[in-house]
Structures are given as C-alpha cells and as structure tokens.
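Chains as they are written, first to last, in my numbering: chain A, 2 to 622; chain B, 87 to 825.
Using N, Cα and C, we set each Cβ at its ideal position, and we do this for glycine too.
Set out below in structure tokens:
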C-alpha cells in the first residue's frame, strides 16, 4: 500500500514517465540482489541462447582485439623496410607479402568478429523480446487472478499501466546491459593482455590516467546529480502549474488572473532555468574530461612509445597498436557509468514487475455442483459481516432473504458504497463472516465462473470496449450466434437505434467509447444482459446525464428485463424505490437500514432524512 | 524547426562565440594526429632531425656542399650561417660553443642562425639536393654524374666539379638536378637526415639526446593542445547549456503567456492536454536538441571538414578510401532506415494498443469477471502482445546487423589505408607517420559523418515538437478587446439581454444554439434546463466571452459585451463551473482569486454561505489549509463549495452557476440555495441545472432542446404548457412532489 502511494505522488510531481525516470530515488530498487536473482531465474529459461550470446560476444571482442596488434606488426615491417632503404641496406625494401598476409589475417579477424557480434545481437534481440513478451503476458494473466481488493484504490490502475511499461523497459534494456557488460569486460581484459604483451611500462603509464578520470567523473556526477534533482523538481512544479492553469483556464479568465498566473509561471521558469543550465553544464563536462583523459593516454603512448621505440624496446607499429588499444580501452570505461545507471533503472523496473507478479491471488475455487441456468434465483444473506479492511467492518451481521423474482432497491447518497452489495454478491470480495447463499448454495463453495454466470449486470459506467457493437453485446454469451445477439438487442429496444448507426451492428466503438451516447451505451449493456439471460440481475438506474427520451427507453427495457428475475437495483427513481420488495439503505458503505418503503419511513431514521432531502418540497424555500 | 530560429536571436553573440570556439576545438583535435605523425616521422624515423638544413656543419663539408649549389643560392645560404672559428671567437664564447660542439677544437664550423620557417623552406630543397649529391659521391661513387663525364671518375669527384668552368658546371648541375627531380622529395629528406646525423656525430653532438628532446617537446605540445581542447570544450558546454536553457526559458514564457491570452476557441482547437505538452515536454525536447545541435550538428561538420582539409593538404592520394567508406556507411544507414522507420510507426501504434488493452482490462475488470470473459481478454491481449513482440524483434534485429557492419566498414578502411599506404611509402611519396595520421583522420571523418546521421534521426522528431510550438505562437486569439472599448456605467445593474443569439463552432456545420432571446433581470434567478447536448452551458459561456456569439448580440446594461474590455466584463461576473476547480496553494489563496485582499472575515462569510465553513474551520490550519495540485486532496463536494465561495467573495452583480449544484447532495444543495438566495438579492443569477428541484423556484426557467428555447416561464407555467419540461420533471420526481 505504502509503496503505491509514494510512486503516485512522485509521478504526479514529475509529470510523466521520463521525468520520473530521471528522478533518482524512486528509481532505485529496494532489494537489488533479490531482484537480480529473480531476473536471472526468468532468464534461465533461455540458458543455451544466453551462453551462445556470451560466447559470441567474447569471441567478437577477442577477435577485434587481436587486430590492432597485427596492424602494428604490419606497420613495423613497413617501417623497417623504409628505414633499411634509407640506410641503403642491400636488397632492402618493404616486405609486401608479409604486410599483405597480416592485412589479410586482420580482414578475416574483423569479418569473423563482425559475424560474431551480429549473431550475438541477433540472438540477444530474440531473448529480450521473448522476455518482454513473457513478462507482459504474465502481467495480463495476473490481473485476472488478483482479488478485487487489490484494486481498491483507484490509483492502482495508474500503477499497473506503468508496470506494463516497466516490462518493456526490462525487456529492452536487459539485452543491452548483457551484451554491453560482457563485451566491456572481455574488451578490458583482452586489451590489458595485449597491452602488457607489448610493454608493461607503457600499459601502466597509459592506464594511470584512469583512476584520475574516475575520480573526476564521480565528482562531476555527484555535483550534477544535485542540480539535476532540483531541475526535475522544478520541472515537476512547472508542469503542475501549467496543468492547473490550462485546466482552469476559464476560471483564470473570469477572475482576470492571467497576470498573476504568468507572474507565478515566470518565477518557477527562472528557477528551472537556473538549475537546468547548471545540471546541463555539469553533466556536459563529462565528455570533455573523458576525451582529455583519452587524449592524455594518446600523448603518453606517443611520447613513451617514441622513447621506447628509439631505445629499441618496442617497435614503431606497437605505438600504432597501442594508440588503438588505449582508444578501445576508454570506450567501455566511459560506458560503465551509463551501464550502471541503466542497470539501476532496469532493476527498479523489474522489481516493480516482480512485486506485482508476486501479489497474493484470489483463493482457489471450490467445486460444488451448481448449474447457473437452472437456478430459481433465491438469494439469502446470512449473518454477513464485511469490511474492505480487516479493522474497519462496515456491514455487521446482516441477514435477509430475497425470494425469486423479487426486487431489491439499494439507496444512499453518491459515494455511500451502493456497489458494495454487488461486489459481495459477485464475489469480487469475500465476506469476513457469515454466508451469502444462492438457491441455498453458499457462493463460497461454487466456482466463481458459475456464480457469475448466474448473475447479470447492467452498471452505470457501462463498460464497452474497442470493438464492434455485435462483439460488445456478444460479451454476455460468447457462444451466441448473430441472430441471438439481434434478438437480445430487440428485446432491449436497442435494435432500432443500432440500425440508425453507420455500419449498424458492425460499427466499431472507439477507444474512449465516446462515439455513442451514454444512454445508448447503457442500452447496449442491457442487451448484453438479455443475451446472458441470468436469473439474478444487478442494475444501475440511469442518471440525469441521459437525455429524457433515452431515459424512458432505458426504463422500459429494464422493466422488461426484470420480469421473472431477482433484481438488485441501485435506485435513483422514487417509483422504483417505492415498488421494491426490499430497500437497502447505504451510508459510508454500510447497510444502515433495510425494509419496505413505508416501514422505513415510519422508523424516521436515516432513510427518512435521505428521502426528505432528496425530494424536498417547495415550502422550505 | 526553421521557424523557431528567430527566437534564437538574443543568443546570436553566444552562437558566434560558440562556433568560433568549436573551430578552435576542431583545430586542436586535428592537430593531435599531426603531432603524433611528427613524433613518428621526425622523432623516431629521422632521429629528431626535421629537415635537410643542418643546425651545424663542419667547414670542409659546408664547402663541399657549396660546390653543388648555384652562385646566387650560395650567397643566401652563407648569410644564414655563422662562421665559428677557434681563432676568431672570444674566449668566453669559445668555451660556450665548445660545450655544444666538441669538434670546434679541431675544425671550424658553420652554425645556423635563428631563422624563420619560410627561410628554412627556401633553402631546404637546395641543401637537400646538394647533400644528396655529396652522399652519392661518398657512398656510391657519384652515380648521378652524367654519362659523358663518367670517364673522369678516376679523380676526386669534388675536384672535378671544383675545377670545371662555370658554364660547364651549370650544365652538369642541370643534368644532375634533372635526375634528382625524378626522385620523390622524401628520399631527398631521408638521405639528408642520414647525412646530417653523421655530421652531428662527427661534431660530437649527442644525437640520442637530440631525439629524446624532440619527442618530449612534441609530447608537451600535445598535452597543451589536449588541455586547450578540453578547456574550450568545457567553455562551449557552458555557453551551450546557458543558451539552450535560456532559449527554453524564453520559449516557455512566450508560449505560456500566449496560451493565457487564448480564448476557449483556441483551447478547443488544440486541446488542453496538447497545450500542456506543448508548453512542457515539447519545449524540453527542443532544449535538449539545441544542446545536441551545438555539440554535434555544429561541431561534427567542422571536424569532418577539417579532417578532409587535412587529408587533402597532405600528399596522400587515399581520399577515395574515405569517400568509399562514407558511401558504404550511408548505404547501410539508408537501408536500415528504409527498413525500420515504417516499423517504428507500427510499433508506436501497437504500444498504444497494448496500453489500451491493459487499461481496458483494468477499467472493465468488474465486467470481465462478471461475464467470465477472462480467457477472451487474455487472448485479445496475447494477440497484440505477439504482434508487438514480432515487430519489435524485427527492428532490433535490423539494428543488430547495422552497427557491426558499420564497425566493419571502418576497420576495412583502416586495412585498406595500410595496404595502399604501404605502396606509397615504398615509392617514397609519404612517410609512415603520415599514414598513421591519415588513419586517425579517416576515423575522425567517418565518426563525424556517423554523428551527423545519428543527429538527423532525431531531427524529425524535434521538428515535430518545434512545429507544435510554432503553431501555438503563431495563433492569434480570436477574442480580443475592441479598439474603441467603452466602460460600464458607475451604477452597474447587471441586466443581461440575449438578442437572437446563435452560436456554432467555426468549422462546424450545425449551430449549437439558435436564436436565443431572453432577458435576465437583476434580483431574479434565471434557470436554464435541458437534456445533455441541448446547449445549456453554451448559453452561459457566451456571457463572460469564453466564446463570441456567431449571430445576434448579448447586451449587459444595454451595452454589447463585445464593446467593453474583457477585463471589465469579467470583473462584473461571478462564475462557478460544473466541476469545482481549485489551484495549488491554500484555501485562502484560492478564495483570493475572487478578491485579492480579502480579509479573514470576508472569507469566513463567503464560506458560510457556500456551506464550506465547517470544512475549513474544523481543520487546524483553517484558511491556510494547503490545497494540492488541482485540489486533489479535497473531495469533489468541498471543491465545489470552495469554488462557490470564491465567486461569492467577489460580490459580483452577475452570478453564473454552470451546473454547479449537481455534484452536491440534495441536502447541501437545498441549504446552499437557501443561503444564496439572500446573498444574491440584488444580483442577476443564472443557473444551469439538470435537477428539477434545483431550479423549480426560479423566477424564470428557460427550457432548451437541441439548441433552441422550447419554453420559458415559471415552474407552474411550464408544467402546463411545455411538454419537454414536463417529461424531464416527471422522470425525476413523482407527480405529488411536482406540485
């Protein structure tokens, strides 16, 4: 719980995935070792491929490392030939066959090395994509196995969609990290060996600059990190301000507050500028420093090489080889910093994914025999005790029996938790004590799938998905034929309106499901419930945002649907409430009162005050 | 991208300085291989001797050389040398010279004066040729001597030359020079080096020391150059980061101010979230691009061109290798792009799709489980997941070919250079150091080319961002104050009159509202009701000029609202939107949007009426209770109450409640309206509502349907004569409640 909250606040502050990425703290794995272990266990499925990757990348690095030495040898031969010629040694000349051979060998080495590195990257791409695929798939499977309790907080949705992005990050970077670090290590070791084989002193001298550069880099990173964090902070503040001001543009205009808003913006903007250029400047210093260090290595090699060459300790070509080695050596060193930071964000991402995948799942199903289509529709609540959190029981010892065909109205203010009953009935949440029985079967003892097939649902935020209308209605029963769907649509009085749409039943509902109106959406979900043909219904009455005519239509088809079915209605309309066989009055998620309309009015309790405030009469104004 | 460039103007000087610095940096970086080449060529190969002009030479050797030199040149060369002789030097000088040249004791010497570079070049070749002839005589027995004189070779060759007549000597020398000219210059230099080295040794100079000094001197020069390059680079970094951050800041400020001047029309056109991205992310992207632009797009061509110039200035004819490798790499890049770019677009779409599926799974969880559709959803997800994986894999694999191939091309270029270079070294046209430097230059040129092409991958994305910014900056707000705006009268009443008002969006065909005429009087409440999409909110949004009417006019106190300034107009209006909108800060800072210096009492009073006082006063910080961004830490109902208080504190003559009350529960709604009634006694009140009981007591109710007025009157009247009103009413309340 705590973690979810933390992530959310910071992501809001930084205003986006990328900004957050650079934030630092949030991006560190809490348990680095454990995450890496889990990641490795995931990767172990591709053991053989990964071994190949390692071999190829070692091979590729090794082969390309030998080449400069050969180049050096060729150059030396060239040099000897020239010098001998100058000093007019008899039969002197350049040994072209030797040089040619060397170059041919080099060419071969390079080609082999290239082949290896292509193979290595090719395989690695496969592995990392498979891993990404697997992680995403696990996440999608996991979502359906988690208890609804997990999603209790709205913000979870945000966290989750990020988890899927995290899966991407892990997959994309793991390959890079693996091949980069393997080839870096191979390169460093290989080059060291080659350099030492040429000359120990020169190796020492050219590498002495490395610790110095590390110190410098650490210093620069530390400094720039500080400014970077501040920059991200102010970027977050700025984004927040912009979001607010644009979001409340009308308010700003009508209160003539444009100047005030711009003043505030400039204040933040100037601070941002200050930290932005500093962090940019400091982090930009890395590159010149690194290249100076690398140039220093170059000079050391040139001078010392020259010196040793005169003394005859090394050959001229060795200088050339050395220069190449120093250059090759600096590359992985320069990469270390970036590999480290990528590794950090990868483990952080991986940790979030694994954390999600390790969440506790729904209790396994029991297997009592239960035939959803053959039930009568009797529902009984027996001493039900329930709370979303263990220490906050909101339904205490609630008992009632609803006979087949009866109607239950659920009433209460907005946000009073009217959907709690629905969630319990559907077994989205398990009750703490007591039992809910359908036709005398404890719903705990039957398969969730069977239970839910016996319940039809028409909710207020009618949930449609990106697909055709036909597909959307068919959701009620995947085995239904097109004719079945059309029949259900006719029963729900929706067939007519579907025909007026472009493409009719084949019209595609867009991603935001906003190309049809709210009322039409609700009609479609009623059709869906018709198709599902369940004995028990859960309904949500239309709200005022539906236009009047559609509302009448919805009411009509709902009534038709309710015939001969046990119905639970989240009710707004007085007539519905009055005619209900049972009214459940909700407050703060709790059933505070229950009974028939007249009974409840007599009690002069919460229902009475609710009734009075909802339908206040004119005399009071 | 180009269009944004004009905003770089304030930074012109910075840019010029940066470019100059980059030139210097390029020169520094290009100098390094040259120095290295000198160390190899002159330092190692030529023992630290740079050219054919000896620093010091024995008198008899000097005289010998003079034999092969034309008279006019002789004079010049003589003038460049000091004659050192034991007898002629003062004792002190002699001692000094003796340290350097031990041979001075036995033989007179010529010492080179301190010369300018050009002067050395003048005599370099002349002396080189003379040395070559002299060497030829001493080592090979004068093979250079023309054939017809070969018979004379029994004698001392130097004697032969010296005894020749001037004419004869000229002819002979011409013949010899012809032969020498066929030799590469480097052979002349190389042989001079050998000659000079022996000469130095006979004079007693430590040639090893000379060589070491040469190398160390150049090493120090290299360090100096590298250091200079670093300092310049850091300077560039300093200027570039200030420039880019400053550019970003200016741009952000411009965009933000511009957007603040926008009306709703522009907001609708761009979309709020798009405007946010344009102000924040897009500019941030440009800011990063600018740094890259300076560091790469400016620098790489300078470096690359510099490399090319360096290459051209040497005698090495291997430019074609560079050209071929650049072309080869271009081909690889081109193929890579043509193959991957269309896929990238697909990947982006699939990513959106996968996020959509994920989101659907989350938002529709209840439904999915209710209908036991988990399997179905998993399969749908799996399909997208598979598609995405395959497409991603394709692009990644395309890249896995490209990069190793580019490295291979660079390596092959190196091999080619050595192979071709070896031939040219053999023929004496270049030296080894030159070849080594050439390799470095080639790498520099290719890297520069790679950097530029990589930069160009990012440019299209940046130019998208840039265009989005320019779009905002180039937009002229449609609602502006008229040039001859008038003021409202002192005793402002707030009488609102709609005269045949119609409105439609500029690019739409259908009118949102048509032919609306009514009058809202001070002291009265005018309510507007109708189903969704009937144009209720549009009617009231025209009053503060969030939009301008398309036809007809709106008069306030008999003045067309387009004739007063927006500031003046809005000053008179208290507006409460459908959704309570608060800004980060405190409760007080939010209320003070209504009145900048509102006192505590005023705030308490306003919150009392809006039913928010309990919420404010029960928490310990009271009016200093901090409100987080967009008021997220306050419930919807409280936000609404506070935003009502914000309007109340302004004490305006006109109140607009745009569907304000539907977020409140009925009880609060009732209490609030009761309290409001008193407060708004002398004001014109406009209420947009969906609930009948919110408005049934208004003096005037306007019923809208499809943008037109279908009924106007009191509740009772409308119940009788307006069918739509009755339908709405009956759908919400039972008959007995509607009396």
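Checklist entry - So with Cβ pairs under 8 Å, would you call residue 447 of chain B a contact of chain A? => result In the second chain, residue 447 of chain B corresponds to position 361, counting from 1. Yes, because at least one Cβ of chain A sits closer than 8 Å to the Cβ of residue 447 of chain B.
Next on the checklist: By alpha-carbon positions, which one of B/283, B/380, B/148 ends up nearest to residue 330 of chain B?
Outcome noted: If you number the second chain from 1, residue 330 of chain B lands on position 244. Of the listed residues, the one whose Cα sits closest to residue 330 of chain B is B/380.
Checklist entry - So, are the CB atoms of residue 603 of chain B and residue 627 of chain B less than 8 Å apart? => result Numbered from 1 along the second chain, position 517 holds the residue referred to as residue 603 of chain B. Numbered from 1 along the second chain, position 541 holds the residue referred to as residue 627 of chain B. With a cutoff of 8 Å on beta-carbon distance, residue 603 of chain B and residue 627 of chain B are scored as not near each other.
Next on the checklist: Can you confirm whether the stretch 175–188 of chain B touches the stretch 199–214 of chain B when touching is taken to mean that 3 or more C-beta pairs between the two stretches lie within less than 8 Å?
Outcome noted: Contact annotation: the stretch 199–214 of chain B does not touch the stretch 175–188 of chain B, with fewer than three C-beta pairs closer than 8 Å.
Checklist entry - Given a limit of 7 Å on CB to CB distance, which residues of the stretch 114–130 of chain A reach chain B? => result Those would be 115, 118, 119, 122, 123, 126, 127, 130, in chain order.
Item to check | Buried/exposed call for residue 707 of chain B, threshold 16 Cβ in 10 Å | outcome: Locating residue 707 of chain B in the second chain gives position 621, where the first residue counts as 1. When all chains shown are included, residue 707 of chain B counts as exposed.
Checklist entry - Can you name, in chain order, every residue of its own chain whose Cβ lies under 7 Å from the Cβ of residue 179 of chain A, other than the five neighbours on each side? => result The residue labelled residue 179 of chain A in the question sits at position 178 within the first chain. For residue 179 of chain A, same chain residues with a beta-carbon under 7 Å away, outside a window of 5 residues either side, are 54, 125 in chain order.
Item to check | Under the three-state DSSP convention, the category residue 676 of chain B falls into | outcome: Within the second chain, residue 676 of chain B is the residue found at index 590, counting from 1. It is helical.
Next on the checklist: For residue 202 of chain A, count the other beta carbons within 10 Å of its own beta carbon; 16 or more makes it buried, fewer makes it exposed. Which is it?
Outcome noted: Indexing the first chain from 1 puts residue 202 of chain A at position 201. That one is exposed.
Next on the checklist: On the DSSP letters alone, give me the boundaries of the alpha helix (DSSP H) that residue 450 of chain A sits inside.
Outcome noted: Taking the first residue of the first chain as 1, we reach residue 450 of chain A at position 449. Taken as a continuous stretch (DSSP letters only), the alpha helix (DSSP H) holding residue 450 of chain A covers 449–454.
Checklist entry - Residues of chain A with a CB under 8 Å from the CB of residue 663 of chain B: which are they? => result On the second chain, residue 663 of chain B is found 577 positions in, with the first residue counted as 1. Those are 251, 252, listed as they occur along chain A.
Checklist entry - How big is the Cα-Cα spacing for residue 211 of chain A and residue 540 of chain B? => result Here residue 211 of chain A is taken as the residue at index 210 of the first chain, counted from 1. Here residue 540 of chain B is taken as the residue at index 454 of the second chain, counted from 1. Cα to Cα, residue 211 of chain A sits roughly 29 Å from residue 540 of chain B.
Checklist entry - Do the stretch 603–616 of chain B and the stretch 548–561 of chain B make contact, defined as three or more Cβ pairs closer than 8 Å? => result Flag = no, the stretch 603–616 of chain B and the stretch 548–561 of chain B do not touch.
Checklist entry - DSSP on residue 442 of chain A, reduced to helix/strand/coil? => result Stepping through the first chain from its first residue, residue 442 of chain A is reached at position 441. DSSP places residue 442 of chain A within a strand segment (E or B) once states are collapsed to three.
Checklist entry - With which residues is residue 1 of chain A paired in a DSSP beta bridge? => result Any property of residue 1 of chain A remains undetermined from this structure, which presents chain A solely from 2 to 622.
Item to check | For residue 279 of chain A, the nearest candidate out of A/603, A/223, A/578 (CA to CA) | outcome: Your numbering for residue 279 of chain A matches position 278 in the first chain. Of A/603, A/223, A/578, the residue nearest in Cα terms is A/223.
Checklist entry - Does the distance from the C-beta atom of residue 386 of chain A to that of residue 435 of chain A stay below 8 Å? => result On the first chain, position 385 is the one that residue 386 of chain A refers to. On the first chain, position 434 is the one that residue 435 of chain A refers to. Yes, Cβ-Cβ distance for residue 386 of chain A and residue 435 of chain A is below 8 Å.
Checklist entry - residue 301 of chain A by DSSP, collapsed to three states: which one? => result Numbered from its first residue, the first chain carries residue 301 of chain A at position 300. Per DSSP, reduced to three states, the secondary structure at residue 301 of chain A is helical.
Item to check | Backbone CA spacing between residue 162 of chain B and residue 260 of chain B [nearest angstrom] | outcome: Taking the first residue of the second chain as position 1, residue 162 of chain B is located at position 76. Taking the first residue of the second chain as position 1, residue 260 of chain B is located at position 174. Taking the straight line from one Cα to the other gives about 20 Å.
Next on the checklist: Less than 6 Å between C-beta atoms, sequence neighbours within five positions excluded: which residues of the same chain meet that for residue 284 of chain A?
Outcome noted: In the first chain, residue 284 of chain A corresponds to position 283, counting from 1. Cβ within range, chain order: 225.
Item to check | Short Cβ contact (8 Å threshold) for residue 392 of chain B with residue 116 of chain B | outcome: For the purposes of this step, residue 392 of chain B is taken as residue 306 along the second chain, with counting starting at 1. For the purposes of this step, residue 116 of chain B is taken as residue 30 along the second chain, with counting starting at 1. Contact annotation: residue 392 of chain B and residue 116 of chain B have beta-carbon atoms nearer than 8 Å.
Item to check | Residues from the stretch 72–83 of chain A in contact with chain B, defined by Cβ distance under 8 Å | outcome: Here the close residues are 72, 75, 76, 79, 80, 82, 83.
Checklist entry - Rounded to a whole number of angstroms, what is the C-alpha to C-alpha distance between residue 225 of chain B and residue 283 of chain B? => result Walking along the second chain from the start, residue 225 of chain B turns up at place 139. Walking along the second chain from the start, residue 283 of chain B turns up at place 197. Distance between the alpha carbons of residue 225 of chain B and residue 283 of chain B: 15 Å.
Checklist entry - residue 681 of chain B to residue 692 of chain B, Cα distance in whole Å? => result Residue numbering aside, residue 681 of chain B sits at position 595 when the second chain is read from its first letter. Residue numbering aside, residue 692 of chain B sits at position 606 when the second chain is read from its first letter. Near 11 Å, if we compare the C-alpha coordinates of residue 692 of chain B and residue 681 of chain B.
Next on the checklist: For residue 199 of chain B and residue 140 of chain B, what's the separation of their Cα atoms in angstroms?
Outcome noted: Against the second chain, residue 199 of chain B aligns to sequence position 113. Against the second chain, residue 140 of chain B aligns to sequence position 54. The alpha-carbon atoms of residue 199 of chain B and residue 140 of chain B are separated by roughly 11 Å.
Item to check | Best match in B/759, B/775, B/656, B/671 for proximity to residue 738 of chain B [C-alpha to C-alpha] | outcome: Indexing the second chain from 1 puts residue 738 of chain B at position 652. Comparing Cα positions, the closest option is B/656.
Checklist entry - Can you tell me the Cα-Cα spacing of residue 181 of chain A and residue 291 of chain A, whole angstroms? => result Along the first chain, one-based indexing puts residue 181 of chain A at 180. Along the first chain, one-based indexing puts residue 291 of chain A at 290. For residue 181 of chain A and residue 291 of chain A, the gap between their C-alpha atoms comes out near 19 Å.
Next on the checklist: Looking only at its chain, what residues have a beta carbon closer than 7 Å to the beta carbon of residue 767 of chain B, apart from the 5 residues adjacent to it on each side?
Outcome noted: Stepping through the second chain from its first residue, residue 767 of chain B is reached at position 681. The beta carbon of residue 767 of chain B sits closer than 7 Å to those of 609, all from its chain and outside the five residues before and after it, given in chain order.
Checklist entry - Rounded to a whole number of angstroms, what is the C-alpha to C-alpha distance between residue 251 of chain B and residue 237 of chain B? => result Sequence index remark: in the second chain, residue 251 of chain B carries index 165 (1-based). Sequence index remark: in the second chain, residue 237 of chain B carries index 151 (1-based). Going by the C-alpha atoms only, they are around 18 Å apart.
Item to check | For residue 363 of chain A, the three-state DSSP class (helix, strand or coil) | outcome: If you number the first chain from 1, residue 363 of chain A lands on position 362. When DSSP states are grouped into helix, strand and coil, residue 363 of chain A belongs to the coil group.
Checklist entry - Closest Cβ-Cβ distance between residue 493 of chain B and chain A: below 8 Å? => result As a working note, residue 493 of chain B is residue 407 in the second chain. Chain A, which has a Cβ nearer than 8 Å to the Cβ of residue 493 of chain B, makes this yes.
Checklist entry - Under the rule that 16 or more other beta-carbon atoms within 10 Å means buried, what is residue 513 of chain B, buried or exposed? => result Within the second chain, the letter at position 427 stands for residue 513 of chain B. Result: exposed.
Item to check | chain A within 8 Å of residue 281 of chain B, Cβ atoms only | outcome: If you number the second chain from 1, residue 281 of chain B lands on position 195. Not closer than 8 Å to any Cβ of chain A, the Cβ of residue 281 of chain B fails to qualify, so no.
Checklist entry - Can you name the residues of chain B whose CB is closer than 8 Å to the CB of residue 297 of chain A? => result Against the first chain, residue 297 of chain A aligns to sequence position 296. Neighbours of residue 297 of chain A on chain B, chain order: 309, 312.
Checklist entry - Is the beta carbon of residue 439 of chain A sitting closer than 8 Å to the one on residue 376 of chain A? => result The residue labelled residue 439 of chain A in the question sits at position 438 within the first chain. The residue labelled residue 376 of chain A in the question sits at position 375 within the first chain. For residue 439 of chain A and residue 376 of chain A, yes; Cβs fall inside 8 Å.
Next on the checklist: Measuring straight from C-alpha to C-alpha, what distance separates residue 797 of chain B and residue 812 of chain B?
Outcome noted: Taking the first residue of the second chain as 1, we reach residue 797 of chain B at position 711. Taking the first residue of the second chain as 1, we reach residue 812 of chain B at position 726. C-alpha of residue 797 of chain B to C-alpha of residue 812 of chain B: approximately 11 Å in a straight line.
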